[in-house]
Each structure stands twice: as structure tokens, then as C-alpha cells.
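Peer 1: Just dropping this structure here.
Protein chains in written order, with my numbering: chain G, 500 to 889; chain X, 500 to 889.
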């Protein structure tokens, strides 16, 4: 199932899950969600991974045919898992963790019935918690993703042509991202969140509210996907915010940059600089032990001092966070909100995106993905932050 | 919430849901899934639609701000729905339908608790059943989608350049689809199904099995999305199967065509023609009242008579269907399998995709999206079916 040099990595990830299971008294987790399957096996398959408090995971595979490796057992349906565990001499769990924030109601019921004696509890938090602090290999993959993202962003000035619509611009950027190696699929947590390869927000469309919990909205071109570019021409005196998601290797970074078309007013320029000022402050604060709520509150202080509260994190509709964990999924733990109890640890990876929406002009601000180190935040998406002219 | 001319359409859709609710004794459905929200309101939003056995739906909206229209009520959380219904003088349902095959376990529990007196049942089938038979407007939207899809496919010969990889080819085709109006997002049912804008399968990669329930596989370029093009050069003597999903207006059609690079062997040519022969047979059979299982079995008869059983619907790994409903989601009801109890009705829309995988050569066959009429199947994706040379 995985290359030999990956095995120690996957056991490291398993151990992180097991530590949290032990702390919560969970005897075993049966993992079914694609993002979690990918985390623990380095590939997506249809099936389940059975993780106990110790020992290696057992991979119950339905599809595809032909997977090989240690502890791979083919089943046609989940009901066979119990008999396979009996054959292996493994005790049935008394307390079983299932991803109750991911599995459908009926799938959760079905998997529960495989273990009729078990008390079923929610393992979503265990898995999100384990994935929140990255391994060194995961950070390296995200750094590589950041290199590809920024290589694509470097081509933005040559993509833009006067008179383009935001959508034409986005389409050319999608092509650049794909040619740079993007797999063409942004993995997002939560089945209410839908997006194509990302978001280009130009001019007043940046203020159009969206149903989704993205930092900024946009009306989209069709009400079946009401987010992002709306197909209008990019006009002089507006900004274009580029928040595209390449996903180059399964571990994503998240980066936003803004360009201006012609000149924009002073307040817009100022807001962009305040965003950068907030990031500089966050980079210093972001050491292990820092409360993410303190980061949120400090960002609010800075933008309020600048007199920009009406525009911070949206204008007509506001987002309730200034950043979020990122990795296999674009939206992971921790989320930087005023009520969060999360505290930074080394090797957490977080995207911080202090953004402003200036009515009729557009969105401004910078988003970087960082890894937490003892010296503060290290930027995985280094790229000029100035609002350059297109 | 919707334009005046859409209102009668949406009430027609509502009525189709209500008829099925009455047949099953369901007093009310609380709809939360994006595809179903889009079906009944012509837009995706975050929130819920409350549908009773009669009367207009009530739209409980969380996000975005600013939606207007009849029966729109803003809530912050689902718990407020009960008190809003009381204010409206609406009786609490005794039997409540929830999408138990779509909602997460925890979301289903939370919504159930809003109606503590209600017996909760699964409304997934009611909604899938209602959506299975399209309205005339839905068929018109899918016909329009088919026109855009085929306009993009017509550009395939000019996209191809000798020495290209399958991925480079796919990237240029994605751009053509997007410039043609694709929203860049293929809506698929089931959170185990992941895909980017579609599948280009060249040469032996067509035989690589995938975890997903697509008709044909491909290894993909990264194990986090193990499906489709794998980045290898397109070689002489192979085929390239193009099964891309534009999604131009929220109602999708599904079309596959195959090109060859240089010459391919006789069996490959024959298999492609047998696929077309199966489609001609299906087009005649496909009148209201026809059992979809009979269609499946007839297709099997034809390909077995041709001596191609080893290659039909996959070789190393086989798909268990020859077609499927299509609409807001790419994979809808009915599914054309030997055990299906479904019977064709006028205005069902189905994609039929008799495909063969010839080892080392590639995949062949044709997929069209059809609407069921009293004279048989009408093709919504008309486009030359011959395997032309690239």
C-alpha cells in the first residue's frame, strides 16, 4: 500500500491519532473519510482503516482492486470487518470512534451495527486534532505546494490583458496552475462548502455575499455555485484579489495576493498596508503557547485603530475568523476566532488572511500559510505582498 | 429569492416532492443538501427548506445575507425553525423527512431534536425520486448544457499536439470548456466521489482501477485523487477517451467520445462499433415502461455475442452498471444495473455509457445523455460518434 520509506511516516501519524484515542479512552477508530484515509495511508481508497490504541492500522479495502501492503484485507462490505477481526484474534472495541461529523446518518448507523456491543463516540475531533499538528514531512509537502502556488502567481502580470473579465482572467490562471502541476481539485472540509479551483474577486463583486464560510464572497456566474468571479469586465480603479487553490501534492497551502488596475484610492491602499501590518504582528506573536483568540483580538485592535472596522473581513457580510488551519483540507483546525480555546503548537500550519472589502473598489489584503516555530511563524508562501499594478 | 417566471417552475418541482411525501405519509421534509436546495429554490444557500404536503416551501436562510422573496425567513441556527413555524401557525410534523443518506450523523441528530415529537424518516429517496423525472425546463437546461459540451468537444482535434501528455491535453480542454461557459465544478452525489473537471483516459492508464464508482478509472497523478489522466505521453496506437464535465448551468449532461492516435487494432475498432450498436438498441428500447434492468441485460447480450465480455465496462476492474440518471448531479437515479427495479418514465434523463477497456490500447465506446420520450430516447448530446484520428 505504501513505499517502504513512507511506512515510518504513516506510523508516526498513526501514533498521533493513538495518543488522542488513549486520552479519550477510545479503544478503536474506524476511519472512512477520504481526507483521513489519505492522512493515514497516503492514498484515497474506498474502504476503512481500523486503528487501535497500539499496533499498526488495518486497511479494509473495497476498491480499487490490486492494492498491496501490510495489513491490507479486502472486503465487499463493512459487515465483514467484524469477522475479519475475529480471524486476526483482535478484541472488539468497547468504545468505538466513528467520524460522526463526516459520515452520513445512515452510514454511521450501518458501521455502528458492525460492532453491536460497542459504545459509539465521535472521532472527528480526535482526527482533526491529530492532523492539526503536522509532521515534518507534511510541512515539507506544504512548502513544496507553496513553491508551486507562488510560481503560478508570478505569472499573473503576463496573464492579464486590458478588457478581460474576471472569469477570463481566472481561466488563464487555472491553466497556469494546472501546467504547474495542480491536480485540479481543492479538497475542502464539510459538504456544505463548494468551490472550483478558487476565487478571483474583482471590484464590487468582492462585496457580494456568499453562502459559504470563505473569508470573502463573490456572486459566481451561476446560482448553483454562488461564489467567486462573476464574469464582469475588470475596470480601471478596482482591485483583483487572487485566492486560488492549486493543490499540487495532496497537502495544500493557501495564498492570497492582490493587484490593482490603474490607481485606487488612498483608503484602499491603506487597508492593504494594514493587512500586511497585521501579518507582521501575527508572525511575531505566533509562537507555541500563543492563544489563537489573542491573535484574532490583536488583529481587530490594529484594524480598528486604523479606522477600518466597517471593511475588515467583509463589508456587507463579514467572516467571523481571520485565519484557519490548512493541510490535506483547505479548512482545518485551529480556526482563528475570538472564542477559540486553541493554543499554537510547533508544526501547526495556519493560513492567516486579514482582508478588507472596500465597496465599489474591491478586496485587499494578503494571505500567507505559515508553520509555527519557536521563533514565530515561518512563511510557506513567500511572494511579494505589495499591491502591484496589472 | 427567484424571478417571477421561475416561481411556477419551482412550484412544479415542489409538487413532485409533495406527491411522493403524501404517498409515504411524510408530513414535512426539511431539506438541507446543496443539490436539493438548488432543485427547489434555483440557488444554493446555507439553510433549510421546509416542505409540507401542500402549500409553498418555506426558506430558512442562514447565509448569504440579503436574499429576498416569498417565504424567506432568516435564522441563525436550525433550532429557531420550530419557533418560526409556531409564529406562522404551522403544525409540527408528526412524521418528518430528513436526508439521512446525505446529512452527517450529528447534523441529522441536531435537526431531529428541533422536532422532538416527530418520527424521523429518510427523505433521500423522496427527493431522488422527485428529481429523477425532469421538468421540461430541466430538460431544456440539460439540452443547453449538451450544446456547450459538444461545442467544446468539437475543438478536441485542434487541441491535440503530437507528443502531448494526457494531462496537457486535458488542461487545454478544461480551458476550452471554461471559455465555453463551464462553471468549473462537477457536482457529484456522494461524498466518497471526488473528481476534477473530468476524465481523460489514454492508453493503458484506462485499465488502472480507481476507488470511485465511475465507469472507467485511471490512476490520476496523485494518490489523493486517484482517478483520470496520469501524465504519460499519448502514444501512437492508443485511444484517448474524453469524459469531461463542463457543468454550464447547474443541470449537467454527460458525454464521452473517443479519438485514436494513429491506427489501432481491429478488436479495438470493433469494440467501439459494438458500443454504438448497443446505444442504437437502447435508443429504441428506451420508451416509458421499459425496465432499466432489461436494458442492462440486452447490452450484456450484445457485447457477449461480440465476444467482448472480458473488456466490457472495464477489464482489471469492472463497473456494475451501463448508465445512470443525470441532472443537477452527475450520478442520479435510475442506475442501469441488472437488479434495478426502476422503470423508465417520460422525461427521465439518463446517460448510457457502454464502454470497453482494451489492455495496452485504451478505452473505447460512446456515452450520450438522453431524455426518455414516447418514441424512445432523444439524444441531448448529439456529436459524431466515430473514432476519428487525432
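Where is the CB? At the ideal position from N, CA and C, for every residue including glycine.
#1: By how many angstroms is the C-alpha of residue 834 of chain X removed from the C-alpha of residue 797 of chain X?
#2: Going by DSSP in three states, residue 636 of chain X sits in which element: helix, strand or coil?
#3: For the alpha helix (DSSP H) containing residue 773 of chain G, list its first residue and its last residue.
#4: Would DSSP call residue 823 of chain G helix, strand or coil?
#5: Of all Cβ atoms in chain G, is any one closer than 7 Å to the Cβ of residue 713 of chain X?
#6: Can you tell me where the beta strand (DSSP E) with residue 864 of chain X in it begins and where it stops?
#7: Chain G partners of residue 537 of chain X, CB-CB under 7 Å?
#8: Assign residue 501 of chain X to one of three DSSP states: helix, strand, or coil.
#9: I'd like to know if residue 749 of chain X contacts chain G, where contact means its C-beta is closer than 7 Å to some C-beta of that chain.
#10: So which residues on chain G does residue 601 of chain X lean against when the C-beta distance must stay under 7 Å?
#11: Does residue 855 of chain X come within less than 7 Å of chain G when only Cβ atoms are used?
#12: For the beta strand (DSSP E) holding residue 850 of chain G, just list the boundary residues, first then last.
#13: Give the residues from the segment 769 to 782 of chain X that approach chain G closer than 8 Å (Cβ to any Cβ), ordered along the chain.
#14: Step through the CB atoms of chain G and report whether any lies within less than 7 Å of the CB of residue 542 of chain X.
#15: Going by beta carbon distance, what residues of the same chain come within less than 8 Å of residue 560 of chain G, once the five residues before and after it are set aside?
#16: Let's test the definition: count the other Cβ atoms within 10 Å of the Cβ of residue 557 of chain X and tell me whether it reaches 16, buried, or not, exposed.
#17: Starting from residue 623 of chain G, trace the alpha helix (DSSP H) both ways and give me its first and last residue.
#18: Output, in chain order, the set of chain G residues within a Cβ distance shorter than 7 Å of residue 690 of chain X.
#19: Less than 7 Å between the beta carbons of residue 855 of chain G and residue 792 of chain G, yes or no?
#20: Can you tell me whether residue 851 of chain G is buried or exposed, with buried defined as 16 or more other CB within 10 angstroms of its CB?
#21: Could you tell me which chain X residues have their CB closer than 8 Å to the CB of residue 678 of chain G, listed as they occur along the chain?
#22: Going by alpha carbons, who is nearest to residue 595 of chain G out of G/706, G/773, G/550?
#23: Between the alpha carbons of residue 632 of chain G and residue 831 of chain G, how many angstroms are there, rounded?
#24: Suppose only complete runs of 3+ residues qualify. What are the beta strand (DSSP E) ranges in the segment 643 to 718 of chain G, listed by chain order?
#25: Please name the residue, chosen from X/597, X/845, X/847, that lies closest to residue 520 of chain X on a Cα-to-Cα basis.
#26: By alpha-carbon positions, which one of G/640, G/817, G/753 ends up nearest to residue 714 of chain G?
#27: Do the CB positions of residue 777 of chain X and residue 648 of chain X come within less than 7 Å of each other?
#28: Once the 5 residues before and after residue 627 of chain X are set aside, which same chain residues still bring their CB inside 8 Å of it?
#29: Taking only beta carbons into account, state which residues of the segment 628 to 656 of chain G come closer than 9 Å to chain X, listed in chain order.
#30: Starting from residue 641 of chain X, follow its DSSP beta bridges and name the residues at the other end.
#31: With a cut-off of 8 Å on the beta carbons, I'd call residue 704 of chain X and residue 731 of chain X a contact; round off their distance for me.
#32: For residue 728 of chain G, count the other beta carbons within 10 Å of its own beta carbon; 16 or more makes it buried, fewer makes it exposed. Which is it?
#33: Can you tell me whether residue 759 of chain X is helix, strand or coil according to DSSP?
#34: Below 7 Å between beta carbons: does that hold for residue 711 of chain X and residue 695 of chain G?
#35: Among the residues of its own chain, which have a CB less than 7 Å from the CB of residue 658 of chain G, if the five just before and after it don't count?
#36: Let me confirm a value: residue 726 of chain X is counted as buried when at least 16 other C-beta atoms fall within 10 Å, else exposed. Which label applies?
Peer 2: In short:
#1: The residue you call residue 797 of chain X lines up with position 298 of the second chain. The residue you call residue 834 of chain X lines up with position 335 of the second chain. C-alpha separation (whole angstroms): 15 Å.
#2: Counted from its first residue, the second chain places residue 636 of chain X at position 137. Helix, per DSSP.
#3: The residue you call residue 773 of chain G lines up with position 274 of the first chain. Residue 773 of chain G -> alpha helix (DSSP H) spans 765 to 784.
#4: In the first chain, the residue the question calls residue 823 of chain G occupies position 324. DSSP places residue 823 of chain G in strand when its eight states are reduced to three.
#5: Here residue 713 of chain X refers to the residue found at position 214 of the second chain. So, not an interface residue.
#6: Taking the first residue of the second chain as position 1, residue 864 of chain X is located at position 365. Boundaries of the beta strand (DSSP E) harbouring residue 864 of chain X: 861 to 864, taken from the DSSP string.
#7: Position 38 of the second chain, counted from the first residue, corresponds to residue 537 of chain X. The answer, in chain order, is 723.
#8: Counted from its first residue, the second chain places residue 501 of chain X at position 2. Because the pLDDT of residue 501 of chain X is 44, which lies under 50, any placement of that residue in the model is unreliable, and the number read from its coordinates should be weighed accordingly. Of the three classes helix, strand and coil, the one that applies to residue 501 of chain X here is coil, per DSSP.
#9: On the second chain, position 250 is the one that residue 749 of chain X refers to. By this cut-off, residue 749 of chain X is an interface position.
#10: Within the second chain, residue 601 of chain X is the residue found at index 102, counting from 1. Against residue 601 of chain X, the close residues of chain G are 603, in the order they occur along the chain (beta-carbon pairs closer than 7 Å).
#11: Counting from one through the second chain, the residue named residue 855 of chain X turns up at place 356. Answer no: the Cβ-Cβ gap between residue 855 of chain X and chain G never drops below 7 Å.
#12: Reading the first chain from its first residue, position 351 is the one you call residue 850 of chain G. DSSP places residue 850 of chain G in the uninterrupted beta strand (DSSP E) bounded by 848 to 851.
#13: Closer than 8 Å at the C-beta level to chain G, one finds no residue of the segment 769 to 782 of chain X.
#14: Along the second chain, read from residue 1 onward, the residue named residue 542 of chain X stands at position 43. Closer than 7 Å: yes.
#15: The count along the first chain starts at 1 and reaches residue 560 of chain G at position 61. Only residues of its own chain outside the window of five on either side were considered, and among them 544, 545, 546, 566, 571, 572, 573, 574 have a CB closer than 8 Å to the CB of residue 560 of chain G, listed in chain order.
#16: On the second chain, residue 557 of chain X is found 58 positions in, with the first residue counted as 1. The residue is buried, with at least 16 neighbouring Cβ atoms inside 10 Å.
#17: As a first step, residue 623 of chain G must be located in the first chain, where it is residue number 124. Where residue 623 of chain G is concerned, the enclosing alpha helix (DSSP H) stretches over 623 to 631.
#18: Numbered from its first residue, the second chain carries residue 690 of chain X at position 191. For residue 690 of chain X, the chain G residues whose C-beta falls within less than 7 Å of its own C-beta are 690, listed in chain order.
#19: What you label residue 855 of chain G is simply residue 356 of the first chain in a count that begins at 1. What you label residue 792 of chain G is simply residue 293 of the first chain in a count that begins at 1. Not a contact, by the Cβ cut-off of 7 Å.
#20: In the first chain, the residue the question calls residue 851 of chain G occupies position 352. Burial check for residue 851 of chain G: the Cβ neighbour count within 10 Å reaches 16 or more, so the residue is buried.
#21: Numbered from 1 along the first chain, position 179 holds the residue referred to as residue 678 of chain G. Chain X residues near residue 678 of chain G: 667, 670.
#22: Start at 1 with the first residue of the first chain, and residue 595 of chain G comes out as number 96. The shortest C-alpha separation from residue 595 of chain G is found at G/550.
#23: On the first chain, residue 632 of chain G is found 133 positions in, with the first residue counted as 1. On the first chain, residue 831 of chain G is found 332 positions in, with the first residue counted as 1. Straight-line Cα distance between these residues: approximately 10 Å.
#24: List check, beta strand (DSSP E) in window: 697 to 701.
#25: Counting from 1 along the second chain, the entry for residue 520 of chain X is found at position 21. Closest option to residue 520 of chain X, Cα to Cα, is X/597.
#26: To locate residue 714 of chain G, count along the first chain from 1; it is residue 215. Taking only the C-alpha atoms, the option nearest residue 714 of chain G is G/817.
#27: Residue mapping note: residue 777 of chain X aligns to position 278 of the second chain, counting from 1. Residue mapping note: residue 648 of chain X aligns to position 149 of the second chain, counting from 1. Between residue 777 of chain X and residue 648 of chain X, the CB-CB gap reaches or exceeds 7 Å.
#28: Sequence index remark: in the second chain, residue 627 of chain X carries index 128 (1-based). So the list reads 831, 832, once near-sequence residues are dropped.
#29: Listed by position along the chain: nothing, the set is empty.
#30: Translated into positions along the second chain, residue 641 of chain X becomes position 142. Residue 641 of chain X is not bridged to any residue.
#31: Sequence index remark: in the second chain, residue 704 of chain X carries index 205 (1-based). Sequence index remark: in the second chain, residue 731 of chain X carries index 232 (1-based). So it is a contact: roughly 6 Å between Cβ atoms.
#32: One-based indexing of the first chain puts residue 728 of chain G at position 229. A residue is called buried when at least 16 other Cβ atoms come within 10 angstroms of its Cβ; residue 728 of chain G meets this threshold and is buried.
#33: By one-based count along the second chain, residue 759 of chain X stands at place 260. Residue 759 of chain X: strand per DSSP, three-state reduction.
#34: Stepping through the second chain from its first residue, residue 711 of chain X is reached at position 212. Stepping through the first chain from its first residue, residue 695 of chain G is reached at position 196. Residue 695 of chain G is positioned such that its CB atom lies no closer than 7 Å to that of residue 711 of chain X.
#35: Within the first chain, the letter at position 159 stands for residue 658 of chain G. 668, 671, 672, 675, listed in sequence order.
#36: Counted from its first residue, the second chain places residue 726 of chain X at position 227. Its Cβ being crowded by 16 or more others within 10 Å, residue 726 of chain X is buried.
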